[in-house]
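J.: Heads up, the sequence shown is in the working numbering, so the first residue is 18 and it goes up one at a time.
Positions of the beta carbon are idealized from the N, C-alpha and C atoms, including for glycine.
Got a structure for you, questions after.
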Amino acid sequence: MATIDECRAALDRLSGNLARADGDVRGAAALDRSLSCHVTDLDRTFTGRLEKGRIRVDGVAAGPPAGKADIRLAMTGDDLVALVAGELNFARAWASGRVRLEAGLRDLLRLKKLL
């Protein structure tokens with residue numbers, strides 16, 4: 018099972034990957050939205066913002082998200098680490114229910130380019 022530090026490192030790595038992206042991916046990541054990522058097996062939620070093509074993590078708290086972020090993710094820590102490492106396909110994980118992504122329709126359409 019991934020630790021909270023490994024999950025934080027995965028989010029930092031994802032942020033770096035988004036910042037280095039080109040074309041459609043860079044445009045999709047250029048949103049300015051609040052973000053939460055609930056790591057279900059650790060029962061911790063990272064909160065922050067997706068802005069200027071990067072993820073800024075502002076904090077981590079016990080339990081599910083206290084508020085409703087614009088973009089909400091939920092998955093196990095192992096799945097988060099595997100997704101960022103390229104070992105788990107996001108679209109398949111989302112379709113099978115291993116990863117939950119909730120957002121407004123307009124954001125989902127833009128985020129689709131990241132998949």
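How long is the line joining the alpha carbons of R66 and V116, rounded to whole angstroms?
T.: Taking the sequence shown and counting its residues from 1, one reaches residue 66 at position 49. Taking the sequence shown and counting its residues from 1, one reaches residue 116 at position 99. Cα to Cα, R66 sits roughly 19 Å from V116.
J.: Round the Cβ separation of A78 and R50 to the nearest angstrom and send it over; I've been treating them as touching at under 8 Å.
T.: What you label residue 78 is simply residue 61 of the sequence shown in a count that begins at 1. What you label residue 50 is simply residue 33 of the sequence shown in a count that begins at 1. Their Cβ separation, rounded to whole angstroms, is 19 Å, which puts A78 and R50 out of contact at 8 Å.
J.: Would you say L28 and I72 are within 8 Å of each other, going by their C-beta atoms?
T.: Residue mapping note: residue 28 aligns to position 11 of the sequence shown, counting from 1. Residue mapping note: residue 72 aligns to position 55 of the sequence shown, counting from 1. In contact: L28 and I72 (Cβ atoms closer than 8 Å).
J.: Over the uninterrupted beta strand (DSSP E) stretch that includes L105, give me the two end residues.
T.: Looking up residue 105 in the sequence shown gives position 88. Element bounds for L105: n/a, residue is neither H nor E.
J.: Below 8 Å, how does it come out for the stretch 18-25 and the stretch 79-94: are there three or more Cβ pairs, yes or no?
T.: Touching, per the Cβ criterion.
J.: With distances taken Cα to Cα, identify the nearest neighbour of G84 among C54, E68 and L59.
T.: Position 67 of the sequence shown, counted from the start, is the residue given in the question as residue 84. It is C54.
J.: Can you tell me whether DSSP reads D39 as helix, strand or coil?
T.: Along the sequence shown, one-based indexing puts residue 39 at 22. Coil.
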